[in-house]
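Participant:
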Amino acid sequence: MRKIPIEKKYQTALNDLIDYLKNSRFLNDKKIEDAFRNIPRHEFVPVSELDYAYNNEPLQIMKNQTISQPGVVSRMTEWLDVKKGQKILEIGTGSGWQSAILSYLVGGGTVYSVERHTQLVKFAEENLKKFDIDNVHVILGDGSVGYEKGSPYDRIIITAACTAIPLPIIDQLKEGGLIIAPVGNSTQSLVLLQKTFKGIIEIKNESHYVFVPLRGKFGKNR
Ligand code: SAM
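Spelled out as C-alpha cells, the structure:
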C-alpha cells in the first residue's frame, strides 16, 4: 500500500476528528487509528464534499449513496476484530473507504467488496488505485446474495440497512467467523453475530443507527 502525503489543513482536521472519536469512545483501537491516518478519508469523497471530509457525518457520494460516518466505520471495524491474513466480504463498496481500511488491517489477506452501482464501482476502484491497494476485489453485482465465489469468509460486513441479514450471506461465513450489519427498518441496530458449531449467536447489539437500504433479491426492492 502506498502512503499518500497529507496536506496540513487535512492533517489538522484528521487529528481533531481522531481526538473527538477517541473521547467519545468510538475509536479505541490503535490499529484502526493507524488505518484512519494512513487512509485519509478526503481521498474517498467527491470534490464537492472535500471541506466536510473530517466531519463526523455521512457524506453524499453518487447515485444518492453515502460514505459512512467515521464513528460508525470505526465502531463496525472494531467490533469485527479483523486479523492479518483474513478473507473478508464487504457488501456495499460505496466510495471504497471501508474496503481500504479493511485492506490495511488484513495486510496480506483479501477483501471482496460487492457494489450494485457501476458508477460507484469505478469511483471506488479509482480511489483504491491511488494507494496502490491490490488486495481488494471490487465486484459489480447484487450483494444481497453475498459473493459465493470467494467464500467462506472469516469476516463479513454489510454497510447498508437490512430488515434481516440475508441467509445466503450467513451461509458464506466460516464457522467461528463474525458478521456485522445494520438491521432494522427506519432506524437500525448494529448487530454483531458469530457462527458457532451450535449455530448463530449474537455477540453485540447497539441501536439508533441510520443507513441507506440494502437493495436486491434479499434486500428492499422499492
Ligand atoms: N462502505 C461504503 C464506504 O466506505 O463508502 C459506504 C456504503 S453506503 C452506506 C451503502 C452502499 O451499499 C451503497 O453504495 C449502495 O449502493 C450499496 N448497496 C445497497 N444495496 C446493495 C446490494 N444489494 N448489493 C451491493 N451493494 C448494495
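The opening residue of the sequence shown carries number 457 in this note's numbering; numbering runs sequentially from there. Even for Gly, the Cβ is constructed at its ideal location relative to N, Cα and C.
Go ahead and pull the three-state DSSP assignment for Gly638.
Facilitator: Counting from 1 along the sequence shown, the entry for residue 638 is found at position 182. Note that residue 638 corresponds to Pro in the displayed sequence, not to Gly. For Pro638, the secondary structure class from DSSP, reduced to helix, strand or coil, is strand.
Participant: Alpha carbon to alpha carbon, how far is Leu473 from Asn511? Give it in angstroms, no decimals.
Facilitator: Your numbering for residue 511 matches position 55 in the sequence shown. Your numbering for residue 473 matches position 17 in the sequence shown. Near 7 Å, if we compare the C-alpha coordinates of Leu473 and Asn511.
Participant: Do Arg572 and the ligand SAM come close, with the Cβ less than 8 Å from some heavy atom?
Facilitator: Position 116 of the sequence shown, counted from the first residue, corresponds to residue 572. For the ligand SAM, at least one heavy atom lies less than 8 Å from the Cβ of Arg572.
Participant: Give a single yes or no on whether Val639 has its beta carbon closer than 8 Å to a heavy atom of the ligand SAM.
Facilitator: Along the sequence shown, read from residue 1 onward, the residue named residue 639 stands at position 183. No.
Participant: Starting from Tyr665, follow the beta strand (DSSP E) in both directions and report where the run begins and ends.
Facilitator: For the purposes of this step, residue 665 is taken as residue 209 along the sequence shown, with counting starting at 1. Here the beta strand (DSSP E) through Tyr665 covers 655-665.
Participant: Starting from Leu596, trace the alpha helix (DSSP H) both ways and give me its first and last residue.
Facilitator: By 1-based counting over the sequence shown, the position of residue 596 is 140. Counting along the chain, Leu596 falls outside any alpha helix (DSSP H), though it belongs to the beta strand (DSSP E) covering 592-596.
Participant: Just to check my reading of the structure: Ile621 and Val601 have Cβ atoms closer than 8 Å, yes? What is that Cβ distance to the nearest angstrom?
Facilitator: On the sequence shown, residue 621 is found 165 positions in, with the first residue counted as 1. On the sequence shown, residue 601 is found 145 positions in, with the first residue counted as 1. The C-beta separation of Ile621 from Val601 comes to about 12 Å, leaving the pair out of contact by the 8 Å criterion.
Participant: In whole angstroms, what separates the C-alpha of Gly563 from that of Glu463?
Facilitator: The sequence position of residue 563 within the sequence shown is 107, counting from 1. The sequence position of residue 463 within the sequence shown is 7, counting from 1. Approximately 25 Å, taken between the alpha carbons.
Participant: Can you name, in chain order, every residue of its own chain whose Cβ lies under 6 Å from the Cβ of His498, other than the five neighbours on each side?
Facilitator: Here residue 498 refers to the residue found at position 42 when the sequence shown is read from its first residue. Hits under 6 Å: Tyr466, Leu506, Ala509.
Participant: In chain order, what residues of the same chain lie with their CB nearer than 7 Å to the CB of Tyr609, ignoring the 5 residues before and after it?
Facilitator: Counted from its first residue, the sequence shown places residue 609 at position 153. Closer than 7 Å at the Cβ level, and outside the excluded window around Tyr609, lie Lys543, Ile544, Leu545, Gln628, Leu629, Lys630, Gly633.
Participant: By DSSP's criteria, Ala617 is part of a beta bridge. Which residues make up the other side?
Facilitator: If you number the sequence shown from 1, residue 617 lands on position 161. Ala617 is bridged to Pro669.
Participant: Helix, strand or coil for Arg493? Go by DSSP, reduced to three states.
Facilitator: Position 37 of the sequence shown, counted from the start, is the residue given in the question as residue 493. Annotated three-state conformation of Arg493 is helix, per DSSP.
Participant: Relative to the alpha-carbon of Ser480, which residue among Phe500, Ala469, Pro526 has its alpha-carbon at the smallest distance?
Facilitator: Against the sequence shown, residue 480 aligns to sequence position 24. Among Phe500, Ala469, Pro526, the Cα nearest to that of Ser480 is on Pro526.
Participant: Is any heavy atom in the ligand SAM found nearer than 8 Å to the beta carbon of Ala491?
Facilitator: Walking along the sequence shown from the start, residue 491 turns up at place 35. For the ligand SAM, not one heavy atom lies less than 8 Å from the Cβ of Ala491.
Participant: Just curious, the beta strand (DSSP E) that Leu649 is in, first and last residue?
Facilitator: To locate residue 649, count along the sequence shown from 1; it is residue 193. Its beta strand (DSSP E) spans residues 644-652.
Participant: If distances are taken between C-alpha atoms only, which option among Ile460, Ser530, Lys540 comes closest to Asn484?
Facilitator: Within the sequence shown, residue 484 is the residue found at index 28, counting from 1. Of the candidates Ile460, Ser530, Lys540, the one whose C-alpha sits nearest the C-alpha of Asn484 is Ser530.
Participant: For Thr533, which option in Lys585, His573, Ser607, Lys486 has the closest C-alpha, if you only look at C-alpha atoms?
Facilitator: For the purposes of this step, residue 533 is taken as residue 77 along the sequence shown, with counting starting at 1. Per the Cα distances, Lys486.
Participant: For the putative contact between Ile495 and Ser551, defined by C-beta atoms under 8 Å, what is the C-beta separation to the nearest angstrom?
Facilitator: Residue 495 sits at position 39 when you count from the first residue of the sequence shown. Residue 551 sits at position 95 when you count from the first residue of the sequence shown. Ile495 to Ser551, Cβ: 11 Å. No contact.
Participant: Less than 9 Å between the C-beta atoms of Glu477 and Ile636, yes or no?
Facilitator: To locate residue 477, count along the sequence shown from 1; it is residue 21. To locate residue 636, count along the sequence shown from 1; it is residue 180. For clarity, residue 477 is Leu in the given sequence; the question names Glu instead. Not in contact: Leu477 and Ile636 (Cβ atoms no closer than 9 Å).
Participant: Secondary structure at Gln554, three-state DSSP: helix, strand or coil?
Facilitator: On the sequence shown, position 98 is the one that residue 554 refers to. In this structure, Gln554 counts as helix in the three-state DSSP scheme.
Participant: From the DSSP output, which residues share a beta bridge with Ser569?
Facilitator: For this step, residue 569 is matched to residue 113 along the sequence shown. DSSP lists Glu546, Val594 as partners of Ser569.
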